[in-house]
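Read through the structure below, which is laid out as structure tokens, and then see the notes.
There are 2 protein chains.
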Amino acid sequence: MTSVNRKTEIISAAIEVFAEIGYFRATTAQVAERAKISQPYIFKFFASKEALLQAALEASWERIINSFRLVVESASKEQLETDLIEAYEKILASHHNEILLQMQSQTIQEPSIRDVMREGFREVRQIVLTAFREAGIASPEERTLIFLARGMLCNISAALDMPELMEV
Amino acid sequence: MTSVNRKTEIISAAIEVFAEIGYFRATTAQVAERAKISQPYIFKFFASKEALLQAALEASWERIINSFRLVVESASKEQLETDLIEAYEKILASHHNEILLQMQSQTIQEPSIRDVMREGFREVRQIVLTAFREAGIASPEERTLIFLARGMLCNISAALDMPELMEV
DNA sequence: AAATAGTTAGTGATTGATCAATCACAAATC
DNA sequence: GATTTGTGATTGATCAATCACTAACTATTT
Numbered sequence: 001m002t003s004v005n006r007k008t009e010i011i012s013a014a015i016e017v018f019a020e021i022g023y024f025r026a027t028t029a030q031v032a033e034r035a036k037i038s039q040p041y042i043f044k045f046f047a048s049k050e051a052l053l054q055a056a057l058e059a060s061w062e063r064i065i066n067s068f069r070l071v072v073e074s075a076s077k078e079q080l081e082t083d084l085i086e087a088y089e090k091i092l093a094s095h096h097n098e099i100l101l102q103m104q105s106q107t108i109q110e111p112s113i114r115d116v117m118r119e120g121f122r123e124v125r126q127i128v129l130t131a132f133r134e135a136g137i138a139s140p141e142e143r144t145l146i147f148l149a150r151g152m153l154c155n156i157s158a159a160l161d162m163p164e165l166m167e168v
Numbered sequence: 169m170t171s172v173n174r175k176t177e178i179i180s181a182a183i184e185v186f187a188e189i190g191y192f193r194a195t196t197a198q199v200a201e202r203a204k205i206s207q208p209y210i211f212k213f214f215a216s217k218e219a220l221l222q223a224a225l226e227a228s229w230e231r232i233i234n235s236f237r238l239v240v241e242s243a244s245k246e247q248l249e250t251d252l253i254e255a256y257e258k259i260l261a262s263h264h265n266e267i268l269l270q271m272q273s274q275t276i277q278e279p280s281i282r283d284v285m286r287e288g289f290r291e292v293r294q295i296v297l298t299a300f301r302e303a304g305i306a307s308p309e310e311r312t313l314i315f316l317a318r319g320m321l322c323n324i325s326a327a328l329d330m331p332e333l334m335e336v
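Here the protein sequences line up with chains A and B, keeping their order. Take the first sequence: its position 141, counted from the start at 1, is 141 in my numbering, and no numbers get skipped. Throughout, my numbering is defined as the position within the second sequence, counted from one, plus 168.
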């Protein structure tokens, strides 16, 4: 097992455990158990529990950003927005825990966590806004706002299992 | 000091402490200190820390719901949506902690907390949807979805101190 | 092929601190 | 004297992080 693979495994385990139990309530022992390693071994890869959360959040943002970049590169101007929505819904379905962890982290006050969250939102917004502009969509700022807003309500709809929130 | 006032004070203290520190990390001793009572005394009013969170959430939803009902009763049809937005922004400015606590609770898995959150969203959505319908607004379901979605992005914008998320 | 040395992978045991909740009790008020 | 209001002390459980240690693997020399 290479070191980088082991690190990835720990991050995956942390995403699951933090999302299911809540970051502050979850224990590093639970993460270790999920990753099938000993509890102290986590600290060979991450300086602290908070550093592990940070790494988990970076991984989750990267997935969204990579997915959106792919869509922007390949989608037609007419399909751009619907393809972005579809890409996000796929992530929400396949990596629900990463979204739950992001939702949690929106209210975590630690500076390092706040920074990751802000940078994630900033970058996603920039990708969408630039793509909308280059596609010649009218009122790109307003449309970007609505796109992000629908995404956030979609998260809540999924987290609380309230599909009616997204029904028209 | 009447029992009901004391209870209200504890709830106010809990909202502050839970919002600032995070529900799972915050301690009942911190809530007690904020309420200027002893830590055990909390448990004369609330059976558990979770019951206290539940009461805090109920209070926060009630504020929003009462405010929206007032707007719906008095606003003109043309001003309805802007007045609702204004009412929500006022709450967000004056009771930021209540919104932060709601955001946290969107991902807390305990059944009693989930139930409070679902009921809160359900009721707010119903009030807005009914008001939009009765005001003769076109596509009331779609407009309600957008209204709620913008509200959720507004929460995040405030929580992360990212005003650019709401700029057009 | 065998021995040696060095590096990487991984764990058991511990610790100091922390916390929700209980209980017995005191003080104030009615 | 009885009810209400309120607290000190305690407890059993829990946790992040550290430390000392072992096992396994790799490379080099003999």
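Beta carbons are placed, not taken as given, at the ideal position from N, Cα and C, and that holds for glycine.
Cα-Cα separation between residue i and residue j, rounded to whole angstroms
i	j	result
B/Met271	A/Met152	11 Å
A/Val128	A/Ala158	22 Å
A/Leu80	A/Ala135	8 Å
B/Pro208	B/Ala182	14 Å
A/Ile11	B/Glu201	37 Å
B/Arg301	B/Asn234	19 Å
B/Leu269	B/Ser280	15 Å
B/Arg286	B/Glu257	21 Å
A/Thr91	A/Ile64	Correcting the residue identity first, residue 91 of chain A is Ile in this sequence and not Thr. Using only the alpha carbons, I get a separation of about 7 Å.
B/Asp251	B/His263	18 Å
A/Leu145	B/Glu335	8 Å
A/Pro163	B/Thr170	42 Å
B/Gln274	A/Ala131	31 Å
A/Ala55	A/Phe43	13 Å
B/Leu333	B/Ala219	34 Å
A/Leu23	B/Val284	The sequence given here places Tyr at residue 23 of chain A; Leu does not occur at that position. When rounded, the distance between both Cα atoms is 21 Å.
B/Glu241	B/Val292	14 Å
B/Ala227	B/Leu221	10 Å
A/Glu110	B/Phe186	14 Å
A/Ala87	A/Ala93	10 Å
B/Ile196	B/Lys217	Note that residue 196 of chain B is Thr in the sequence shown, not Ile. Their Cα atoms are separated by approximately 7 Å.
A/Arg114	B/Asp329	10 Å
A/Lys36	A/Glu20	17 Å
B/Arg290	B/Thr176	25 Å
Residue i at chain A interface by Cβ criterion, 7 Å
i	result
B/Gln247	no
B/Phe192	yes
B/Val296	no
B/Ile183	no
B/Thr275	yes
B/Ile324	yes
B/Glu310	yes
B/Leu225	no
B/Leu252	no
B/Leu146	The question about residue 146 of chain B has no answer here: the residues shown for chain B are numbered 169 through 336.
Residue i CB to nearest heavy atom of the ligand MN below 6 Å
i	result
A/Glu78	Absent from the structure shown: the ligand MN. Ligands present: none.
Listed by chain order, chain A residues near residue i by CB distance under 9 Å
i	result
B/Arg286	Leu160, Asp161 and Met162
Min CB distance residue i to chain B below 7 Å
i	result
A/Ala149	yes
A/Leu53	no
A/Leu92	no
Exposed unless 16 or more other CB atoms sit within 10 angstroms - verdict on residue i
i	result
A/Arg150	buried
A/Glu98	buried
B/Leu115	A question about residue 115 of chain B goes unanswered here, because the residues of chain B that appear run from 169 up to 336.
A/Val31	buried
A/Pro140	buried
B/Ala215	exposed
A/Asn5	exposed
B/Glu246	exposed
B/Ala194	buried
A/Glu16	buried
Neighbouring residues, chain B, relative to residue i (Cβ below 9 Å)
i	result
A/Glu167	Glu309 and Leu313
Interface partners of residue i on chain A, CB under 8 Å
i	result
B/Gln272	Gln104 and Thr107
B/Phe289	Ile156, Leu160, Met162 and Leu165
Contact list for residue i against chain A, beta-carbon separation under 7 Å
i	result
B/Leu268	Thr107
B/Arg282	Leu160
Chain-ordered neighbours of residue i on chain B, where CB pairs are closer than 8 Å
i	result
A/Arg125	Glu332 and Leu333
- request: Jot down the residue ranges of each uninterrupted alpha helix (DSSP H) in the region 260–319 of chain B, minimum 4 residues, whole runs only, in chain order.
  value: The region 260–319 of chain B contains these whole alpha helix (DSSP H) runs: 264–273 and 279–302.
Runs of alpha helix (DSSP H) wholly within the region 44–101 of chain A (minimum 4 residues, chain order): Fully enclosed alpha helix (DSSP H) runs of 4 or longer: 49–74 and 80–94.
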